[in-house]
Ligand code: GLP
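In my numbering, the protein residues as written are 8 to 258.
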């Protein structure tokens, strides 16, 4: 694991956007794994801006999103499909048929999860996976207790995650309690992983994920097992890391 600590969330987002752009410039037919949530909004804004200035093309890029809520259609404003369209896909030259997100409306979520997993394999796996980190150190929607070898599947969300994400739903809107998420084992098979975490509310999750020990109780700690993971933080999110650990991991 390598670590990059920036002064601000904006600088950390710019660093991650740069990694994404370099990836698609070096390998135009890259397969990207993409996250949602508040944290990557700054990354997508920077990528859109760079694209408008002629940096990077998505013409040959394929994407796989990490997760989707069960019960939300792609046009629901709180769905991750809608988020991706609003924040990235509608603004760049990506071929919609190569943007993949689990369907939240599948009749059988278990079959949908298996289909998604096979599709990732059919595309030859993911070159670069971008990840956020939940306050309880979840990655995708792999909540504490998820096995580090878990595959894409239907999951129940913890009350704390439902509460943390409530702000993304309109007042009175029904908030799902289940999702389909890439598994931790699926994530660990990606060739390169970049995690972005910013703000003091992520400091504990960052420390538990980086300091170890690696355990099923801390989904983010599975990333220590991966040969090419970079965690990009702002100072607030790095607050609880020991200096010696930072020196050891600094890229
Ligand atoms: C959701 C997503 C995760 C994301 C997390 C953190 O639960 N499924 O992939 O990392 O939220 O979200 P935020 O960046 O809004 O804190």
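Glycine residues also receive a C-beta, built at the ideal position from the N, C-alpha and C atoms.
Bear in mind that the values here come from a model prediction, so they are computed numbers and not experimental data.
So does residue i have its beta carbon nearer than 8 Å to some heavy atom of ligand 1?
{"i": "residue 111", "result": "no"}
{"i": "residue 138", "result": "yes"}
{"i": "residue 160", "result": "no"}
{"i": "residue 146", "result": "yes"}
{"i": "residue 142", "result": "yes"}
{"i": "residue 73", "result": "yes"}
{"i": "residue 168", "result": "yes"}
{"i": "residue 42", "result": "yes"}
{"i": "residue 188", "result": "yes"}
{"i": "residue 219", "result": "no"}
In the DSSP assignment, what residue or residues form a beta bridge with residue i?
{"i": "residue 72", "result": "41"}
{"i": "residue 135", "result": "39, 199"}
{"i": "residue 241", "result": "13"}
{"i": "residue 161", "result": "187"}
{"i": "residue 107", "result": "71"}
{"i": "residue 236", "result": "200"}
{"i": "residue 149", "result": "146"}
What residue range does the alpha helix (DSSP H) around residue i cover?
{"i": "residue 252", "result": "250-256"}
{"i": "residue 58", "result": "48-59"}
{"i": "residue 91", "result": "87-94"}
{"i": "residue 66", "result": "Segment: none, residue 66 is in no alpha helix (DSSP H) and carries neither H nor E."}
{"i": "residue 123", "result": "116-129"}
{"i": "residue 205", "result": "From DSSP, residue 205 is part of no alpha helix (DSSP H); its letter is neither H nor E."}
{"i": "residue 170", "result": "166-171"}
Could you pull the start and end residues of the beta strand (DSSP E) that residue i belongs to?
{"i": "residue 214", "result": "Per DSSP, residue 214 belongs to no beta strand (DSSP E); it is in the alpha helix (DSSP H), 210-218."}
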